[in-house]
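Residue numbers (this note's numbering): 1 to 251. Quick reminder that beta carbons are idealized off the backbone N, C-alpha and C, glycines included. These figures come from a predicted structure and were not determined experimentally. Inspection log for the structure reproduced underneath, given as structure tokens.
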Ligand code: SF4
Ligand code: SF4
């Protein structure tokens with residue numbers, strides 16, 4: 001017993017005390033700061049190097065729903081694209097993920113998630129989620145696992161992943177949704193009782209990501225339902241997901 005207590009003392013307090021104000025390392029790629037005036041040749045090098053066609057011209061913009069945050073565009077853009085470490089990137093509207101030259105993080109974050117009393121009333125104190133890996137690479141799924149660990153401890157907010165959609169208030173989708181997983185995803189969604197949430201986590205779930213052109217996908221499910229929250233990344237850091245979720249249910 002004494003040894004156990006000594007060990008606990010040695011470990012100290014491991015949870016991140018305030019997940020809302022915690023910062024990520026400077027090298028973390030979060031919100032992109034775009035300055036089109038620094039582009040050479042219309043930033044063609046950046047546009048061409050992007051593996052997911054996330055960059056558009058006129059005006060220069062990055063679609064965070066497609067971006068895998070590889071940093072290649074930053075390397076070749078002559079300073080026109082720089083990723084900041086601002087990580088609160090969740091939003092309720094797909095088009096808000098398109099970041100244009102001159103957009104600032106503060107204005108993005110202010111409008112990204114508008115507070116809704118009904119959402120707060122229903123899910124603000126307890127939210128149970130069922131995760132569906134619809135052909136993800138396991139990157140997003142591993143980060144989702146981390147939300148429950150001692151560092152992030154999402155349970156302290158009443159948010160948990162549950163084993164059955166029957167016990168869930170909503171589903172979290174990861175992966176680009178393969179033909180094989182499409183029926184299981186639909187079944188899972190139908191098994192959650194109303195009112196229910198749908199959260200898309202990662203570039204794959206939001207846009208197909210690196211696999212968007214694959215003929216092995218079946219993303220019709222997304223045409224039929226409304227996504228309530230988008231969490232971009234590849235994979236999103238746990239703080240991206242947690243802050244998006246807390247903004248959504250408690251803002
Ligand atoms: S960081 Fe995003 S926008 Fe830039 S090249 Fe990679 S995927 Fe494309
Ligand atoms: S978004 Fe990236 S990390 Fe997530 S499933 Fe797709 S490839 Fe993997």
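Assuming residue i contacts residue j (C-beta within less than 8 Å), just tell me the rounded distance between them.
i, j, result
"residue 39", "residue 77", "7 Å"
"residue 205", "residue 175", "6 Å"
"residue 15", "residue 151", "6 Å"
"residue 225", "residue 198", "6 Å"
"residue 65", "residue 97", "4 Å"
"residue 143", "residue 133", "Not confirmed; about 12 Å, so no contact."
So the candidates are the options; which of them puts its Cα closest to the Cα of residue i?
i, options, result
"residue 245", "104, 72, 120 and 30", "120"
"residue 30", "179, 237, 175 and 189", "237"
"residue 233", "136, 225, 248 and 150", "136"
"residue 262", "150, 131 and 185", "Beyond the ends of the chain as shown, which are 1 and 251, falls residue 262; an answer cannot be given."
"residue 59", "191, 82, 99 and 48", "99"
"residue 173", "167, 166, 188 and 159", "188"
"residue 250", "138, 125 and 227", "125"
"residue 139", "90, 186 and 209", "209"
"residue 230", "112, 5, 142 and 146", "112"
"residue 42", "17, 9 and 79", "79"
"residue 220", "182, 247, 190 and 87", "182"
"residue 223", "177, 248 and 34", "177"
"residue 88", "218, 20 and 6", "20"
"residue 86", "240, 153 and 145", "240"
"residue 248", "122, 95, 214 and 37", "122"
"residue 34", "104, 8 and 22", "104"
"residue 147", "36, 48, 37 and 243", "243"
"residue 37", "165, 56 and 81", "81"
"residue 196", "214, 218 and 165", "165"
Residue i lies in the alpha helix (DSSP H); which residues open and close that run?
i, result
"residue 75", "72-76"
"residue 7", "2-11"
"residue 220", "220-224"
Using only the alpha-carbon positions, how far apart do residue i and residue j sit?
i, j, result
"residue 118", "residue 194", "13 Å"
"residue 212", "residue 128", "29 Å"
"residue 68", "residue 235", "8 Å"
"residue 200", "residue 25", "25 Å"
"residue 32", "residue 83", "4 Å"
"residue 101", "residue 62", "9 Å"
"residue 167", "residue 161", "10 Å"
"residue 216", "residue 179", "6 Å"
"residue 228", "residue 2", "49 Å"
"residue 114", "residue 191", "28 Å"
"residue 52", "residue 73", "11 Å"
"residue 116", "residue 156", "22 Å"
"residue 48", "residue 75", "12 Å"
"residue 90", "residue 7", "38 Å"
"residue 109", "residue 23", "15 Å"
"residue 9", "residue 56", "53 Å"
"residue 207", "residue 54", "10 Å"
"residue 171", "residue 92", "15 Å"
"residue 45", "residue 149", "41 Å"
Would you mind reading off the limits of the beta strand (DSSP E) that contains residue i?
i, result
"residue 189", "Taken as a continuous stretch (DSSP letters only), residue 189 belongs to no beta strand (DSSP E), being part of the alpha helix (DSSP H) at 182-191."
"residue 197", "197-201"
"residue 238", "No beta strand (DSSP E) contains residue 238, which is instead part of the alpha helix (DSSP H) from 238-250."
"residue 229", "229-231"
"residue 34", "32-34"
Closer than 8 Å to a non-hydrogen atom of ligand 3 - does that hold for the CB of residue i?
i, result
"residue 127", "You won't find ligand 3 in this model; what it holds is ligand 1 and ligand 2."
Any alpha helix (DSSP H) of 4 or more consecutive residues that is wholly inside the region 42-120: Counting only runs of at least 4 residues, the region 42-120 fully encloses the following alpha helix (DSSP H) elements, listed from N- to C-terminal order: 44-49, 72-76 and 105-112.
Would you mind listing the alpha helix (DSSP H) stretches within the region 126-175 that are 4+ residues and don't spill past its ends, in chain order? Runs of the alpha helix (DSSP H) lying entirely within the region 126-175 and spanning at least 4 residues, in chain order: 139-146.
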